[in-house]
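Down below is the structure, laid out as structure tokens.
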Amino acid sequence: MDAIETSRWEAALGRNAKHYLKAFERIRARGRWAPGWNSAAFLHSSAWFCYRRMYGLGLLNFFAPALLLIFFLSLHVDAALAYIAAGYLVCVFVVLPVFADSIYYEHLKERLERARPPSVWTGLAASGVVAASIGLILMTMAASYGDFTDRAKMSEVVLAGSSMRTQVTEFHEQHGRLPAAADARTLDTSSMSKYVTSVAWDASRSAIVLTMAKPYPGKHVELRPVVRSGRLVEWRCHSPDLDKKLLPLYCRE
Numbered sequence: 001m002d003a004i005e006t007s008r009w010e011a012a013l014g015r016n017a018k019h020y021l022k023a024f025e026r027i028r029a030r031g032r033w034a035p036g037w038n039s040a041a042f043l044h045s046s047a048w049f050c051y052r053r054m055y056g057l058g059l060l061n062f063f064a065p066a067l068l069l070i071f072f073l074s075l076h077v078d079a080a081l082a083y084i085a086a087g088y089l090v091c092v093f094v095v096l097p098v099f100a101d102s103i104y105y106e107h108l109k110e111r112l113e114r115a116r117p118p119s120v121w122t123g124l125a126a127s128g129v130v131a132a133s134i135g136l137i138l139m140t141m142a143a144s145y146g147d148f149t150d151r152a153k154m155s156e157v158v159l160a161g162s163s164m165r166t167q168v169t170e171f172h173e174q175h176g177r178l179p180a181a182a183d184a185r186t187l188d189t190s191s192m193s194k195y196v197t198s199v200a201w202d203a204s205r206s207a208i209v210l211t212m213a214k215p216y217p218g219k220h221v222e223l224r225p226v227v228r229s230g231r232l233v234e235w236r237c238h239s240p241d242l243d244k245k246l247l248p249l250y251c252r253e
């Protein structure tokens, strides 16, 4: 850069101009994108975007995690949520800080003649973004708390049938068949929890029927053995009363 161009960049950059000019020289030498590290973008990327007058990217980065979280919680896709969350964390806390200087360089290069440096107002905007993001995260967590607790209770419901499931499995190993109605009284039905009012073997349905106390009083979950070639190979669970989205992930097949 010559002296005139350097002065233009310094005027557009404002605070920390020397740091960014050094990074920009590296980017120019490498081409369009050059890896580096931007601590401000790592610590709070939305606030950094706003402070550096990249408001569109700041808003996108601000709302993206909450929107993704709400979307995937509404679909109850636990595994997908874990992958999306991991991918988002990698993008925000690894990829973005590494290429933040390159993004800023491309942003300024296109509007260098009219670019303005960060000011007290953009600093206040950045502080507001930090405060708002904390509030948004807390609101999202509060809204999803009930959803998580209900699904945890549903796991407890299914767990309440584990004792009878073991008994039915052993019965099948000993007799080569599932218990008939007359055999049901030999099974222990005392394995209950605060989430289940009854655990019973229904021979007509070939299933363990769990009647819930909560979170959905009076509703049922069934545990059904799968028999192939005379062997009990697995158990499956479902509910005749509830949408499968309300069940634990392993009960939705």
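This note's numbering applies: residue 1 is where the sequence shown begins, and numbers increase by one.
The C-beta atom is built at its ideal place from N, Cα and C for all residues, glycine as well.
Judged by DSSP secondary structure, S193 falls outside any alpha helix (DSSP H); it is assigned neither H nor E. Non-local beta-carbon contacts of A40 in its own chain, meaning distances under 7 Å to residues more than five positions away in sequence, involve W48 in chain order. In the three-state scheme derived from DSSP, where H, G and I count as helix and E and B as strand, E5 is classed as helix. The shortest C-alpha to C-alpha distance from L247 to any of A207, V120 and E156 is the one to E156. For R224, the secondary structure class from DSSP, reduced to helix, strand or coil, is strand.
The count of Cβ pairs closer than 8 Å, one atom from the region 118 to 128 and one from the region 42 to 58, reaches three, so the stretches are in contact. Annotation for L96: the continuous alpha helix (DSSP H) segment containing it runs L96 to K109. Secondary structure of H44 (DSSP, three-state): coil. Excluding five sequence positions before and after R165, the CB atoms of its chain that fall closer than 7 Å to its own CB belong to I208, L223 and W235, given in chain order. The C-beta of H44 has 16 or more other C-beta atoms within 10 Å across all chains shown, which makes the residue buried. Assignment of A200 by DSSP, reduced to helix, strand and coil, places it in the strand class. In this structure, A213 lies near T197, with their beta-carbon atoms less than 8 Å apart.
Between the alpha carbons of D243 and E173 lies a gap of roughly 33 Å. Here F24 is buried. Its C-beta has 16 or more other C-beta atoms within 10 Å. Contact between S239 and K219 holds, since their C-beta atoms are separated by about 7 Å, short of 8 Å. For the pair N16 and A100, the CB atoms are not nearer than the 8 Å cut-off. When DSSP states are grouped into helix, strand and coil, E234 belongs to the strand group. By the beta-carbon neighbour count (other beta carbons within 10 angstroms, threshold 16), A12 is buried.
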